[in-house]
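The structure appears right after this line, and notes come after that.
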Amino acid sequence: MKYQNAVLVCFSGGQDSTTCLFWALKHFSQVEAVCFTYGQKHSLEIEVARKIAEDASVPFYLLDVSLIGQLAPSSLTDSSIEIDKEKPAGNYPNTFVPGRNMVFLTFAAIMARSKNIFHLVTGVSEADYSGYPDCRDTFIRSLNVTLNLAMDEQFVLHTPLMNRDKSEVWELSDQLGVFDLVRTQTLTCYNGVIAGGCGECPACKLRRDGLDTYLKRKNNQ
Ligand code: ZN
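Here the sequence shown stands for residues 30 to 250, where the numbers follow the working numbering.
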């Protein structure tokens, strides 16, 4: 099904949002991408995102929302804080940036509206290991209503990865014909190492475990 509409993808150049970008290219006739800079340690991800978008002929915009990094330092933005290797009991890991997805989607919606675009895509997933509150479906639905009320519009927030674990995200990228691109050109690693990453941080482990699981499943078919 093609929606015959324009869409704005929240895009970071990581595995998830890159898969979402190509999902959008399959389902929408016009795709644009917005990337956010919020003081993250690894600005390489912005260049990675820009290149993937350019190669796919997708217009790419960069928005500076570094205020959220200043208001609530996390291990992704403050080099003096070491990244949690495990999720602390009863708490979110220090990679949690409070309000990040709310800020991203709100700015994306404001930008989209100015372009007469009312579909937005975000790569959040409830199956993600950290269980960040702003990755939950209930939050996305709530924000969708709020954005509609705030701007008196009918936005549609799409979350193609919401119920997929990492192995199923790999599977989707394969179905979309971009498995190799995602594997070799995206940046998910918290230590800023492209593709397979540092192999040590939680994001690398999650990505690799998902890949192993997917390849095993595929090879058994
Ligand atoms: Zn890593």
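Glycine included, each C-beta is placed from N, C-alpha and C at the ideal position. Just so we're clear, the structure is a prediction, and the values are computed from it rather than from any experiment.
**Prompt:** In its own chain, which residues sit with a C-beta less than 6 Å from the C-beta of Cys233, not counting the 5 before and 5 after it?
**Reply:** Cys218, Gly226, Cys227
**Prompt:** What are the boundary residues of the beta strand (DSSP E) that includes Glu61?
**Reply:** Bounds of the beta strand (DSSP E) holding Glu61 are 59–66.
**Item:** Of the listed residues Tyr67, Gln99, Gly42, nearest to Ile81 (C-alpha basis)
**Value:** Comparing Cα positions, the closest option is Gly42.
**Request:** Can you give me the start and stop residues for the beta strand (DSSP E) that Cys39 sits inside?
**Result:** If you look at Cys39, you'll find it in the beta strand (DSSP E) that goes 35–39.
**Request:** For Tyr161, name the three-state secondary structure that DSSP assigns.
**Result:** coil
**Item:** Residue from Val132, Ala224, Ala78, Leu91 whose Cα sits closest to the Cα of Leu176
**Value:** Val132
**Asked** Under the rule that 16 or more other beta-carbon atoms within 10 Å means buried, what is Pro122, buried or exposed?
**Response** buried
**Message:** Tell me the DSSP secondary structure of Phe89 in three-state form.
**Reply:** strand
**Prompt:** Hey, Gly119 and Ile97 are a contact pair by Cβ (cut 8 Å); roughly how many whole angstroms apart?
**Reply:** Not quite, the Cβ-Cβ distance comes to about 24 Å (not below 8 Å), so this is no contact.
**Prompt:** Would you say the beta carbon of Ala232 comes nearer than 8 Å to a heavy atom of the ligand ZN?
**Reply:** Answer for Ala232: yes, Cβ within range of the ligand ZN.
**Prompt:** So, helix, strand or coil for Leu201, using DSSP?
**Reply:** helix
**Message:** Quick check on Gly206: buried or exposed, where buried means 16 or more other Cβ atoms within 10 Å of its Cβ?
**Reply:** exposed
**Prompt:** Excluding sequence positions up to five away, which residues of its chain have a Cβ less than 7 Å from the Cβ of Arg212?
**Reply:** Ala224
**Prompt:** Where do the ends of the alpha helix (DSSP H) carrying Val174 lie?
**Reply:** 166–180
**Item:** Boundaries (first-last residue) of the beta strand (DSSP E) holding His71
**Value:** Here His71 belongs to no beta strand (DSSP E), and DSSP marks it neither H nor E.
**Request:** Compare the Cα-Cα distances from Gln183 to each of Leu73, Ser46, Cys230, Asn145 and report the closest residue.
**Result:** Asn145
**Request:** Taking only heavy atoms of the ligand ZN into account, decide whether any of them is closer than 8 Å to the Cβ of Phe76.
**Result:** Checking the displayed sequence, the identity of residue 76 turns out to be Glu instead of Phe. Outside the cutoff, so no.
**Message:** Strictly by DSSP, which residues pair up with Val150?
**Reply:** Val38, His187
**Request:** Report the rounded CA-to-CA distance for Tyr243 versus Ala137, giving the unit in angstroms.
**Result:** 32 Å
**Item:** Span of the alpha helix (DSSP H), counted from its first residue to its last, around Ile110
**Value:** Run containing Ile110: none; DSSP gives neither H nor E here.
**Asked** Val94: which of Ile110, Ala141, Tyr67 sits nearest, CA to CA?
**Response** Tyr67
**Request:** Using alpha carbons as the reference points, say which of Ala141, Ser171, Glu115, Asp181 lies closest to Gly160.
**Result:** Glu115
**Asked** By Cβ distance below 8 Å, which residues in the same chain neighbour Ile269 in space, the five residues on each side in sequence not counted?
**Response** Not covered by the structure: residue 269. The range shown for the chain is 30 to 250.
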